[in-house]
Amino acid sequence: MNTKTVSSPSLFQLIKGGASSGLGAPLVLLAILGMMVVPLPLFLLDLLFTFNLALSIVIVLAVIYVMRPMEFSAFPTVLLMATLLRLALNVASTRVVLLHGHEGTHAAGKVIEAFGEFVIGGHYTVGLIVFMILTIINFVVVTKGAERVSEVSARFVLDALPGKQMAIDADMNAGLLTRDEAKLRRDEVREEADFYGSMDGASKFVRGDAVAGLLVLFINVIGGLLVGTMEHGLGIGDAARIYTLLAIGDGLVAQVPSLLLSTAVAVLVTRMSKSQDMSKQLAGQIFGQARALGIAAVVMGLLGMIPGMPNLVFLGLAAGCAYLAWRMSSGRAVSEAAKAKAEPAAAPPNKPAELTWEDVAAEDSLGLEVGYRLIPLVDVKQGGELMARIKGVRKKLTQDLGFLVAPVHIRDNLELAPNGYRVTLNGVPLATGAVHADKFMALDSGRALGPIVGVAGKDPTFGLDATWIERGARDHAQSLGYTVVDPATVIATHLSHLVGSHAADLFGHDEAQALLGNLAKTSPKLAEDLVPKAMSMAVFVKVMKSLLADRVPIRALRTIAETLAEVAPKTQDPTMLASAVRVALGRQIVQDINGMDDELPAYTLAPALERVLQDSLSSGNVALEPGLAERMQQSIADGVQKQAALGQPAVLLVPGPLRPLLARFVRQTVPDLHVLAYNEVPETKRVRLLGAMG
């Protein structure tokens, strides 16, 4: 008959199992709190006192060997648990001392007896002095200093938190960090703030523990005298000797781990946030200076030659310092000689380096150059908000246009005017402007009650008359009906307008590949059938550029792809493909123009002009006679101006074949006009004709 031997689980297995199931910390906390109420046997009390001392030593060593303070992020919680354990042991040992102290110094357990008899030699006066010295060192020196450092560190870290987060956003906007790297940096900054904030509060635990240890000692001494003399009939001398020795032993058992934990707190909060071993850091910065060791050897040698001094000790230390200084100097000289010997072989000084393709500088897709007086708008340390505004602009444009807008690389340019800035597209200047970094721009929205004092200027985005006012006059200008804008918003608005107008120039093969990659995640078959089966990547890019040039967002990528997959087998002409996509996106296009209104106010072409344009298009001659083009442009501009005065959009309805021609014609001259084909207007919209442009 086979028998099975079932072994009982060990203590380590129980603790490990509790930790893995999430019950470890609650059970430990409840056990610590229960120790304050439930009497403990002497054996268990000795075991817990020993464990408390070992735990403090482990925590100190962990603090010393940790590479960065943030790697010990659980330290505040560990500190709280260790403090509660020590206080619970104080309460448990006090109960034992007062109940059984009359039996002798062995009544409170071996650990307390050992500290009372062996450590202080059984002399309670000496023990009291030693305990007071340890308390002073712990409370006045270590704990007080650690508390102050924790407070200052927490204040500095919390004050620097907004600046660090804005710096991370600026690096991400400048393309120096990816989105995942920026998220990781933000998490590190937030964890650092939480850690030092927790350390500021946790240091109060250590301070309170030191005070509690001092009070518990006096309570034990006074309570022991009363219990020993009044209840057990001991003499005043015997009661003082027994209970004072037990109280001091109990206090030392708790005060030594408390001192170790206070030291651990001080070491952790005084370390720099740098990934380096503490031993190497101290050795390199204290004993890594050959000059300092040499001077120390000379001073120690002079002191060792004075009669009456311990000459052997001083001269021995002087010799040791001199030897270390000599070894460091000789080692540094050897390394420098080896480096100097290796440098000529690696690269001859007079031989010019060969040019490579890496020397060809790549132009930024979007660039912003600023004059030197506008640098404070960019510098986060000086409170600059331009980085955050540009990030918001990129996010809004990305959501509106339907593709990821390229990062804006910002640099200073001393060739610009001090208050000037310049926006570049693919390295080519696109637009310029000027702002005053220390002022606000006030715009008259037509309801201003009077003039305002300031520097006259122009709104860089729309060319409106503006006044640059002092920052303190902002409320006054707003009360007069002016629209007041800060300089960072002025630049960001100008940049947003330019990017929206030139979105087609920012879209390329990389952006197209990214769009198709996103489409493949949701509609893999559609993406596979579109490129390269139905059309080439080059044709797809031209179609998307054509849509963006007409200010049509490409957010509805699935609708665009389905339309292209249907029409592409019939034609590969990008213009015809884009026209087919516009018809499929008609509802979105019209809704972007006049929202949810049922009626669409629109102009049409005069019949005679429409025939002329159709004849020119059918004959292949798309160039217009200069006089005709000028008159047509003036007629269109007058219609747009009338609609703008009414606060309504200006729409021109034309036949489908004429729409691309007229859209290119008015794109730069009358940018506020929307040119639509008849078949692009959805059936749910009623068209209200405003007249004919001829």
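In the numbering used here, the protein residues as written are 530 to 1223.
Beta carbons are placed, not taken as given, at the ideal position from N, Cα and C, and that holds for glycine.
In this text the structure is predicted, and so the values were computed from the model without any measurement.
- Beta-carbon to beta-carbon, residue 1206 and residue 1184 are separated by about 7 Å, close enough to satisfy the 8 Å threshold.
- One thing to note: residue 1045 has its Cβ no nearer than 8 Å to the Cβ of residue 1033.
- For residue 733, there is no enclosing beta strand (DSSP E); the enclosing alpha helix (DSSP H) has its first and last residue at 708-759.
- In summary, residue 761 is exposed, with fewer than 16 beta-carbon neighbours lying within 10 Å of its beta-carbon over all protein chains present.
- An exposed status is given to residue 620, since fewer than 16 other beta-carbon atoms sit within 10 Å of its beta-carbon.
- Within 10 angstroms of the beta-carbon of residue 1222 lie 16 or more other beta-carbons, which makes it buried.
- The C-beta separation of residue 900 from residue 947 comes to about 5 Å, placing the pair in contact by the 8 Å criterion.
- Residue 982 counts as exposed, since fewer than 16 other C-beta atoms from the protein chains shown sit within 10 angstroms of its C-beta.
- Taking a contact as a CB-CB distance under 8 Å, the pair residue 667 and residue 739 counts as one, their CB atoms being some 5 Å apart.
- In this structure, residue 607 places its C-beta atom within 8 Å of the C-beta atom of residue 588.
- Residue burial annotation: residue 838 is exposed, with fewer than 16 other C-beta atoms found within 10 angstroms of its C-beta.
- Taking a C-beta distance under 8 Å as the contact criterion, residue 726 and residue 793 do not qualify as a contact pair.
- Secondary structure at residue 568: coil, using DSSP grouped into helix, strand and coil.
- Residue 994: member of the beta strand (DSSP E) spanning 994-999, first to last residue.
- With fewer than 16 neighbouring CB atoms inside 10 Å of its own CB, residue 992 falls in the exposed class.
- Counting the other Cβ atoms within 10 Å of the Cβ of residue 685 gives fewer than 16, which makes it exposed.
- Per the C-alpha coordinates, the member of 1145, 709, 1125, 1079 positioned closest to residue 1195 is 1079.
- Here residue 969 is bridged, per DSSP, to 998.
- Residue 843 and residue 824 have their C-alpha atoms spaced approximately 14 Å apart.
- Counting C-beta pairs closer than 8 Å gives fewer than three between the region 1077-1095 and the region 1171-1185, which falls short of the contact rule.
- Per DSSP, residue 1130 is one residue of the beta strand (DSSP E) stretching across 1128-1134.
- One thing to note: residue 893 has its Cβ within 8 Å of the Cβ of residue 956.
- Under the 8 Å Cβ criterion, the region 735-751 does not count as touching the region 690-698, having fewer than three qualifying pairs.
- Within the DSSP secondary-structure output, residue 985 pairs in a beta bridge with 996.
- A straight line joining the alpha-carbon of residue 926 with that of residue 1025 spans about 7 Å.
- Leaving aside the five residues that flank residue 1115 on each side, the residues in its chain whose CB is nearer than 7 Å to its CB run, in chain order, 1209, 1210, 1211.
- According to DSSP, residue pairing for residue 885 in a beta bridge does not occur.
- For residue 959, the enclosing beta strand (DSSP E) begins and ends at 957-963.
- When DSSP states are grouped into helix, strand and coil, residue 1180 belongs to the strand group.
- In the three-state DSSP reduction, residue 1111 falls in the helix class (H, G or I).
- Contact between the region 963-973 and the region 1105-1115 is absent, with fewer than three C-beta pairs closer than 8 Å.
- With contacts defined by Cβ atoms closer than 8 Å, residue 847 and residue 671 do not form a contacting pair.
- Taking the Cα of residue 1191 as reference, the smallest distance to any Cα among 952, 1133, 1171 is reached at 1133.
- Counting C-beta pairs with one atom in each stretch, the region 998-1008 and the region 972-988 have three or more that are closer than 8 Å, which means they touch.
- Here residue 1013 has 969, 971, 1003, 1006, 1007 as same chain residues with Cβ atoms under 6 Å from its own Cβ, once five neighbours each way along the sequence are excluded.
- For the pair residue 1019 and residue 1061, the CB atoms are not nearer than the 8 Å cut-off.
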